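Remarks on the structure that follows.
2 protein chains.
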Amino acid sequence: MPILVMKFGGTSVATLDRIRRAAKRVGREVANGYDVIVIVSAMAGETNKLVELVEETSHLYDAREYDAVVSSGEAVTAGLMALTLQEMDVPARSWQGWQVPLVTNSAHASARIEEIGTQHITAKFAEGMKVAVVAGFQGISPEGRITTLGRGGSDTTAVAFAAAFAAERCDIYTDVDGVYTTDPRVCDKARKLDRIAFEEMLELASLGAKVLQTRSVELAMKYKVRLRVLSSFEEQTDEAGTLVCDEEDVMEANAVAGVAYSKEEAKVTLVSVADRPGVSAAIFGPLAEAGVNVDMIVQNISEEGRTDMTFSCPVGQVARAAMAMNAAKDRGEINFHGLIADNEVAKVSIVGIGMRSHAGVAAKMFKALSDENINIKVITTSEIKISVLIERKYMELAVQALHDAFELHKAG
Amino acid sequence: MPILVMKFGGTSVATLDRIRRAAKRVGREVANGYDVIVIVSAMAGETNKLVELVEETSHLYDAREYDAVVSSGEAVTAGLMALTLQEMDVPARSWQGWQVPLVTNSAHASARIEEIGTQHITAKFAEGMKVAVVAGFQGISPEGRITTLGRGGSDTTAVAFAAAFAAERCDIYTDVDGVYTTDPRVCDKARKLDRIAFEEMLELASLGAKVLQTRSVELAMKYKVRLRVLSSFEEQTDEAGTLVCDEEDVMEANAVAGVAYSKEEAKVTLVSVADRPGVSAAIFGPLAEAGVNVDMIVQNISEEGRTDMTFSCPVGQVARAAMAMNAAKDRGEINFHGLIADNEVAKVSIVGIGMRSHAGVAAKMFKALSDENINIKVITTSEIKISVLIERKYMELAVQALHDAFELHKAG
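Protein chains in written order, with the working numbering: chain A, 181 to 592; chain B, 181 to 592.
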């Protein structure tokens, strides 16, 4: 039998009614001839409740105990889903991560999957079981302790199972009906994409489109898992949702697939840094040690032997960044005249594998922003992405202008 | 290091505050020089919530999935208790049943403990860990699935750990401060016992005193585990609570240790049963098959070749009993003239190992009841117990009269 992986997120299993609705979808795929592996999250709100209990108990908590506590929500949903399927006469049983086993490394609270044992579930399929319900987000460490994969880890669980079992497809059921050209709340012309390439999805995911967790997309790309994102709240046809797939399978020819944005950005400039070989390492080493997630980096030569160094990071990390820089200055590792932080910026990006073959994409982007009198503060580019830092108050305007300029409301 | 087992029930870990209070008690025992194994229940209300979810999902549910779901409450408490102890600088970690492992048979939802692996926890104690926090009520089947031990299973878990680790004592922290001569709500002269013999506790537990689960007492008796019942809501001295121990260690010389009662009893009489060899089997076989818990049995010869057969069972099972009897009559397996059910009865019992050596205990009991004009409907006796069935409205009066007659308000 071909195998299908179906993943249901927290809102899709938030009540017994919704679990029943999800189970019906699973039943339909069984009727279609699939052996199904269902990955479930905890019922919406449950994991947060457990995290709060842990945090209220202990500030610097032992991540191993944190994992033991917060993994319990998924175990509950898995059992309830198996029971619901059995009620519908679909042969099903539940597995917790350690029972599969889904083996991870020992990085508790953000563990990485190392191996999925397929033997046990495969044997049950051979005996006539039709659905294996697996608790998402959790695994077992080499020491035999429960681990969790970090936020959104159930997406990663689903993709990893699809890879391990060579599933025909991995369907991610969520509360949106697919991947959009941009956030519909910001731009009402946003259009659902039928298909998107792994690389594009990866850029969009890491730029803040919250449909899929970045790691799950990376994993899908690596193992060529066809990933479909679709809504658990609408009746589905075969062409529903968005298929995340290989570049070759994306039919659309638009140069740009989508516009992403991120609000909580800050721009930090070290003014007049004494320039010498190794100065970049002297700056970004201490920032990394201080846990500052540096995103964009720009260096301008301002005068002979001195340079302005600008970088962006999340707003909440500016104070930490300033502290690290001043400490490095005090230790004599770097020398600069001043530090300027601008907390009122946002990042807007266009993403598309078509950029590779389309000339003039950057020029078109800058013109669209300039036509709206939006000043660009920092630019970075990758092969399939162009990001700009702008004043935050222009963010929505910029997204709409770019969506129009690249005609994303039209299918390519 | 000597090992102590401490068990905290649901009300003793109902909130983070109460978990902290329980953890403080554990910390004191660590300071006293013990390595401690803590057995925890789910936070009060959690297990019921999970059971409701399962029952709402499925009427004839798969007990294996039921176990997977309802066992999660204990896992949460175990992790939180370990974190709380760590916050107090007490080296601790949590174990779930399958991690220990606590191996049970495969009778899901009411599994029996078969073996407790001591190696893993013992090794951790040797490394300097002071407290092993174990999720009560749960184990793992030979098939690798999670099992639960049935209601009150955490008491049994605690006693089994005390036996497996040869613990010095097993302290059961609960919401009452010990075992009483009778229910203080029924008799205000009820006195807390300092000590009680296993056999007596067993009779009291099976007669409805809800302090300890019957199986846990059986297990403690079998493995000579010194069991102490005490309140988690009061400051404790060394002599607090009630010690359940070997007969030889019970100092008190009262013939009777306590008075127990059970309200939900019914008396069923099969009138004029045709008597022949094997008639008892013909009656009680079908009752057992119908799931009727027959308690007391009395047979009177009423006339030549016929007999009246009387038995007691829980009120809720009378209809089922009548159905089973009429069906057996229809099948020609038994013959009787009528079936009379009396739903307005209660059982009152006196229990005490002293009965063995004290003559006249039964006579004293019957006189005390007769002095109050209480009519005895059925009597049964065992070596250390005498039970009578009486009209339910006299129950409280009977308990008080017996408590007085045997002077249970005085220590023996």
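Here a beta-carbon is modelled for each residue, glycine too, at the ideal position from N, C-alpha and C.
From a predicted model like this one, the values you see are computed outputs, not experimental measurements.
Burial state of residue i, where buried means 16 or more other Cβ atoms lie within 10 Å
i, result
"Gln299/A", "exposed"
"Gly540/B", "exposed"
"Thr195/B", "exposed"
"Asp488/B", "buried"
"Arg375/A", "buried"
"Ser537/A", "exposed"
"Arg205/B", "buried"
"His239/B", "exposed"
"Arg331/B", "exposed"
"Ile520/B", "exposed"
"Ile481/A", "exposed"
C-alpha distance - residue i paired with residue j, whole-angstrom precision
i, j, result
"Val218/B", "Gly319/B", "16 Å"
"His595/B", "Gln479/B", "Outside the shown range of chain B (181 to 592) lies residue 595/B, about which nothing can therefore be said."
"Ser334/B", "Gly316/B", "4 Å"
"Lys443/A", "Asp357/A", "23 Å"
"Thr237/A", "Ala585/A", "52 Å"
"Val430/B", "Ala385/B", "18 Å"
"Lys509/B", "Asn515/B", "6 Å"
"Gln497/B", "Val472/B", "6 Å"
"Thr394/B", "Arg208/A", "47 Å"
"Arg273/B", "Val424/A", "42 Å"
"Met268/B", "Glu307/A", "50 Å"
"Phe464/B", "Tyr241/A", "58 Å"
"Val531/A", "Leu392/A", "16 Å"
"Leu263/A", "Met223/A", "15 Å"
"Asn434/B", "Val359/B", "15 Å"
"Ala507/A", "Lys390/A", "36 Å"
"Thr337/B", "Phe188/B", "11 Å"
Check whether residue i and residue j have beta carbons under 9 Å apart
i, j, result
"Ile533/B", "Ala400/B", "no"
"Leu265/B", "Ile352/B", "no"
"Met261/A", "Val313/A", "yes"
"Leu407/A", "Val311/A", "no"
"Asp588/B", "Lys372/B", "The amino acid occupying residue 588/B in the given sequence is Leu; Asp does not appear at that position. Cβ distance not < 9 Å, so Leu588/B and Lys372/B don't count as in contact."
"Ala526/A", "Met575/A", "yes"
"Ala291/A", "Thr327/A", "yes"
"Ser492/B", "Lys565/B", "no"
"Ser252/A", "Ser221/B", "no"
"Gln279/A", "Glu254/A", "no"
"Leu450/A", "Thr490/A", "yes"
"Ala344/A", "Pro182/A", "no"
"Glu484/A", "Arg572/A", "no"
"Ala581/A", "Thr561/A", "no"
"Ala613/A", "Arg500/A", "Only positions 181 to 592 of chain A appear in the structure, and residue 613/A is not among them; the question remains open."
"Pro281/B", "Gly297/B", "yes"
"Thr284/B", "Glu294/B", "yes"
Same chain, Cβ closer than 6 Å to residue i, neighbours up to 5 away in sequence not counted
i, result
"Arg244/B", "His288, Arg325"
"Ala502/A", "Leu519"
"Ala248/A", "Ile326"
"Phe341/B", "Val185, Ile217"
"Ala226/A", "It should be pointed out that residue 226/A corresponds to Glu in this sequence rather than to Ala. For Glu226/A, where only same-chain residues beyond five positions count, the Cβ hits under 6 Å are Gly253."
"Glu552/B", "Leu577, Ala581"
Cutoff 7 Å; reference residue i; Cβ partners in own chain excluding five residues on either side
i, result
"Arg198/B", "Ser192"
"Val579/B", "Thr362, Val366, Cys367, Val439, Tyr441, Val528"
"Arg349/B", "Leu184, Arg406, Arg408"
"Arg486/B", "Ser452, Val453, Ala454, Asp455"
"Asn523/B", "Ala446, Val495, Val498"
Other residues of its chain near residue i: CB distance less than 8 Å, five sequence neighbours each side excluded
i, result
"Glu427/B", "Ala377, Phe378, Glu379, Ile533"
"Glu414/B", "Asp357, Ala420"
"Glu563/B", "Met535, Arg536"
"Ile554/A", "Ile570, Glu571, Tyr574, Leu577, Ala578, Ala581"
"Glu232/A", "none"
Contact set between residue i and chain E, taken where Cβ atoms lie within less than 7 Å
i, result
"Ser252/B", "The structure shown contains no chain E; the protein chains it does contain are A and B."
Any C-beta of chain A within less than 8 Å: which residues of the segment 222 to 237 of chain B qualify?
Leu230, Leu233, Val234, Glu236, Thr237
Return the residues of the segment 257 to 278 of chain A that lie within a Cβ-Cβ distance of less than 8 Å from chain B, sorted by chain order.
Listed by position along the chain: Ala258, Gly259, Leu260, Ala262, Leu263, Thr264, Gln266, Glu267, Arg273, Ser274, Gln276, Trp278.
In chain order, what residues of the segment 339 to 364 of chain A put their CB closer than 8 Å to some CB of chain B?
none
Of the residues that make up the segment 551 to 584 of chain B, which ones have a beta carbon closer than 7 Å to any beta carbon in chain A?
none
Members of the segment 308 to 329 of chain B near chain A, C-beta cut-off 7 Å:
Gly324
Counting only Cβ-Cβ distances shorter than 9 Å, please list the residues of the segment 186 to 204 of chain A near chain B, keeping chain order.
Leu196, Ile199, Arg200
Closer than 8 Å, Cβ to Cβ, to anything on chain A: give me those residues from the segment 284 to 303 of chain B, in chain order.
none
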